[in-house]
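In my numbering, the protein residues as written are 4 to 259.
Written as structure tokens, this is what we have:
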């Protein structure tokens, strides 16, 4: 399968790193005005859109900024991009209908990855658009599964699914940073504190993925009556932790 990543910003680079780590039967192209950027990522560099179209990629991962996504797609289609090419856009703010207007003959949809795709542990929301052929959906899922967990959602839910998956790693980073700092304040070595915090978050996530229990029930397994954990949870509630999380997500999706 020949895959072209169009745009090598933070997300494009993360996708490239993950795909390079899972290289079986993949030919990877990287479109950027700076050839050395693609080369540094282990991609075959392409600096002109006509040259990219001439490579006849099976899939294009469109990871340019949202404000230029439709124009880049239009320019790419104008260079005779083969109709067989599946286009996956990472711009949550751009509706699939707007993408189809620029590329009416191509199978396309939106996907929202997050930064952990760089280590093949990503969470990728994939829009199951009504106009996407079943075979193209399978092709998209097969490719993206190399990068982590693929959750297929209705197209009208891609914004919230993408926000939870795409933005929350930064919020979790802030939470982990706070845990690390307080551990250091209590006398713990910073490197060891970082190791403990990262291990706790990874293990908690794995437990949730392999359990049929709700998050609330999983929390209940740790909260002994009169114990330290429940006292900490009450302190989080007193400081508005849940409300802050809700506010962060609502602000991210533009509802705040």
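Beta carbons are placed, not taken as given, at the ideal position from N, Cα and C, and that holds for glycine. For clarity, every value in this text was computed on a predicted model and none was experimentally measured.
Between the options, which lies nearest to residue i when the distance is taken from Cα to Cα?
i           : options            : result
residue 96  : 226, 27, 151, 159  : 159
residue 36  : 55, 30, 24, 49     : 49
residue 14  : 56, 51, 68         : 68
residue 58  : 86, 44, 42, 45     : 86
residue 9   : 186, 171, 92       : 92
residue 126 : 167, 181, 223      : 167
residue 219 : 245, 241, 41       : 245
residue 203 : 179, 239, 222, 216 : 179
residue 165 : 253, 190, 234, 236 : 253
residue 171 : 132, 119, 143      : 119
residue 94  : 258, 130, 208, 143 : 130
residue 177 : 84, 207, 189, 248  : 248
residue 40  : 16, 27, 26         : 16
Kindly give me the distance between the Cβ atoms of residue i and residue j, rounded to whole angstroms, as I take these residues to be in contact under 8 Å.
i           : j           : result
residue 163 : residue 115 : With 8 Å as the limit, residue 163 and residue 115 do not qualify as a contact, their Cβ atoms being about 10 Å apart.
residue 88  : residue 99  : Not a contact, Cβ separation roughly 16 Å.
residue 139 : residue 156 : With a Cβ gap of about 16 Å, residue 139 and residue 156 do not count as contacting.
residue 66  : residue 12  : 7 Å
residue 109 : residue 122 : Rounded, the Cβ-Cβ distance is 30 Å, inconsistent with contact.
residue 221 : residue 237 : About 18 Å separates the two Cβ atoms, so there is no contact after all.
Is the CB-CB distance between residue i and residue j below 7 Å?
i           : j           : result
residue 251 : residue 174 : yes
residue 147 : residue 21  : no
residue 55  : residue 34  : yes
residue 52  : residue 78  : yes
residue 47  : residue 32  : yes
residue 169 : residue 117 : yes
residue 193 : residue 199 : no
residue 225 : residue 232 : yes
residue 201 : residue 183 : no
Only counting the same chain, and skipping five residues up and downstream in sequence, which positions put a Cβ closer than 8 Å to that of residue i?
i           : result
residue 136 : 110
residue 23  : 31, 44, 45, 46
Taking 7 Å as the limit between beta carbons, can you name the residues of its chain near residue i, skipping five residues before and five after?
i           : result
residue 255 : 166, 170
Output needed for residue i: all residues of its chain with C-beta closer than 6 Å, excluding positions within five of it in sequence on either side, in chain order.
i           : result
residue 153 : 127, 129, 144, 147
### Query
Does the stretch 70 to 78 come within contact of the stretch 97 to 107, defined as at least 3 CB pairs closer than 8 Å?
yes
### Query
Pairing CB atoms from the stretch 58 to 72 with CB atoms from the stretch 4 to 24, are three or more of them under 8 Å?
yes
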